[in-house]
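A.B. asks: What follows is a single structure, and I will ask about it in a moment.
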Amino acid sequence: MVVTLSHTGYIKSQPLADYRSQRRGGRGKQAAAMKTDDFIDHLFVANTHDFILCFTNRGRVYWLKVYEVPQGTRTSRGKPIVNLFPFEDGEKISAILPVKEFTDDRFIFMCTAQGTVKKTPLSDFSNPRRSGIIAVALDADDFLIGAEITNGRQDVVLVSDSGKAVWFDEEDVRPMGRTARGVRGMKLGEQQQVLSLLVADNEQQTVLVATENGYGKRTALADFRHSGRGTQGVIAIAASERNGRVVAARLVRDDDEIMLITTGGVLIRTRVREIRELGRATQGVTLIALDAGEKLAGLEKVVESEDEAAPGEAAAPEPVAAPEAPAADPDTPAAE
1 MVVTLSHTGY IKSQPLADYR SQRRGGRGKQ AAAMKTDDFI DHLFVANTHD FILCFTNRGR
61 VYWLKVYEVP QGTRTSRGKP IVNLFPFEDG EKISAILPVK EFTDDRFIFM CTAQGTVKKT
121 PLSDFSNPRR SGIIAVALDA DDFLIGAEIT NGRQDVVLVS DSGKAVWFDE EDVRPMGRTA
181 RGVRGMKLGE QQQVLSLLVA DNEQQTVLVA TENGYGKRTA LADFRHSGRG TQGVIAIAAS
241 ERNGRVVAAR LVRDDDEIML ITTGGVLIRT RVREIRELGR ATQGVTLIAL DAGEKLAGLE
301 KVVESEDEAA PGEAAAPEPV AAPEAPAADP DTPAAE
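Numbered according to full-length UniProt numbering, the sequence shown spans residues 1 to 336.
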């Protein structure tokens with residue numbers, strides 16, 4: 001089955017046979033007919049008896065079997081995922097992960113807004129409850145921002161809204177039980193929070209960071225140094241008056257596509273290869289031109305192939321990168 005979850009929280013499943021094989025260069029099928037204010041940002045192939053783990057901002061995890069996901073057609077939108085779980089007011093999905101087997105050699109790596117990280121064996125989540133269970137204990141003013149399945153030996157990057165990034169080895173975090181609070185992953189200043197948890201497959205990936213004023217930067221992961229768990233990290237992009245605060249960061253490759261989302265509800269889709277790579281000691285380039293009073297709210301990777309524009313329908317224009325600007329301040333390593 002092919003399972004898709006849209007940015008606004010609509011989920012559905014479809015038989016894999018609905019996606020016919022395509023020759024290279026052929027026109028693909030969209031995974032769903034989305035409204036203009038929505039798009040697919042999670043898609044995976046799983047067997048009907050595989051599990052789906054849904055982690056929420058409240059630090060809880062809920063289970064679904066793939067066969068329990070409402071089936072839809074290629075053109076249907078799906079059903080709201082919040083209708084499938086007994087969520088509390090204000091509870092929302094922070095991560096959705098497909099699982100075939102709950103093995104001891106895989107882990108769930110989690111991060112909270114206050115910079116706490118935790119690694120728990122995947123096998124600790126093998127006893128599903130419809131009401132959900134605690135995945136991580138949280139302070140009253142903290143919330144879960146992401147969770148990833150790892151092999152226990154991967155590279156972890158945390159990016160804060162102040163434009164800092166900390167890169168450390170996953171092995172620096174020992175495995176803990178479900179109800180543990182975790183350890184410090186990133187040191188934050190007042191009124192700062194972690195926005196993105198990135199788990200790297202290899203150093204050939206690039207880190208794309210976007211700011212509220214529509215600027216962004218793509219930098220090779222290899223350009224970042226291992227600053228160590230629990231530090232402030234190094235500058236990923238200058239959080240200057242020009243740029244504003246960071247709103248999102250993603251690991252991307254040249255052949256990926258991203259969706260930029262503004263506070264006014266505008267969506268701009270663009271190819272990652274159109275955003276040239278820059279060094280860390282730069283302020284970045286223009287990702288999107290914003291109207292007065294508008295801000296960039298976030299960015300997501302788009303996982304389904306983009307259809308060609310329909311006859312008589314023009315494709316949306318892509319933003320043009322502005323010239324590179326030097327950073328206002330030199331990069332300095334942070335103290336523990």
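Note that beta-carbon positions come from the ideal geometry of N, C-alpha and C, so glycine has one too.
#1: Who does F168 pair with in a DSSP beta bridge?
#2: To which residues of the same chain is E203 closer than 7 Å at the C-beta, ignoring the five residues directly before and after it?
#3: Taking the Cβ atom as the reference point for each residue, do T112 and D155 lie within a distance shorter than 8 Å?
#4: Could you check whether S162 and Q192 sit closer than 8 Å to each other, using their CB atoms as the reference points?
#5: Within this structure, are the beta carbons of T4 and G59 separated by less than 8 Å?
#6: Using DSSP with H/G/I as helix, E/B as strand and the rest coil, what is A46?
#7: Considering just the uninterrupted stretch of the beta strand (DSSP E) at P128, what are its terminal residues?
#8: Helix, strand or coil for A210, going by three-state DSSP, please let me know.
#9: Assign E91 to one of three DSSP states: helix, strand, or coil.
#10: Indicate whether at least one CB of chain C lies closer than 8 Å to the CB of N213.
#11: Under 8 Å Cβ to Cβ from D105, same chain only, skipping five residues before and after it: list those, please.
#12: What first and last residue would you give for the beta strand (DSSP E) that runs through P121?
#13: Bridge partners for V69 per DSSP, in chain order?
#14: Contact between the stretch 180 to 195 and the stretch 130 to 147: three or more CB pairs below 8 Å?
#15: Going residue by residue through the stretch 243 to 271, where are the continuous alpha helix (DSSP H) segments of at least 4 residues, counting only ones entirely within it?
#16: For G185, which residues of its own chain have a beta-carbon under 8 Å away from its beta-carbon, when the five flanking residues on both sides are left out?
#17: Hey, would you say V61 sits closer than 8 Å to I11, going by beta carbons?
#18: Report all residues from its chain with a CB closer than 7 Å to the CB of D50; omit the five preceding and five following residues, and keep chain order.
#19: Would L296 and I288 be called neighbours here (beta carbons separated by less than 8 Å)?
#20: Thinking C-beta only, is S13 closer than 8 Å to V69?
#21: I'd like to know whether the C-beta atoms of I235 and G284 end up nearer to each other than 8 Å.
#22: Check each candidate in R225, P86, T263 and name the one with the smallest Cα separation from C54.
#23: Among the residues of its own chain, which have a CB less than 6 Å from the CB of L275, if the five just before and after it don't count?
#24: Would you report the Cα separation of S123 and L260, rounded to the nearest angstrom?
#25: Please report the straight-line C-alpha distance between K92 and N57, rounded to a whole angstrom.
#26: Would you mind stating whether L16 and V303 have Cβ atoms separated by less than 8 Å?
#27: Can T286 be considered in contact with the ligand NAP, in the sense that its beta carbon sits closer than 7 Å to one or more heavy atoms?
#28: Taking M1 as the reference, which of V272, P128, D18 has the closest Cα?
#29: Taking T75 as the reference, which of I40, R273, L144 has the closest Cα?
#30: I need the straight-line Cα distance from S6 to A281, nearest angstrom please.
C.D. replies: If we stick to the structure as given:
#1: V156
#2: L221, A222
#3: no
#4: yes
#5: no
#6: coil
#7: It is not in any beta strand (DSSP E) - P128 carries neither H nor E in the DSSP assignment.
#8: strand
#9: coil
#10: No chain C appears in this structure, which consists of one protein chain only.
#11: N151, G152
#12: 116 to 121
#13: DSSP lists no partner for V69.
#14: yes
#15: none
#16: C111, G115, T116, V117, V156, L158, V166, F168, V173, V194, R229, G230
#17: no
#18: V66, P98, V99, K100
#19: yes
#20: yes
#21: no
#22: P86
#23: Inspection of the sequence shows that residue 275 is occupied by Ile rather than by Leu. Contacts found: R218.
#24: 36 Å
#25: 6 Å
#26: no
#27: The ligand NAP is not part of this structure, which contains no ligands at all.
#28: D18
#29: I40
#30: 35 Å
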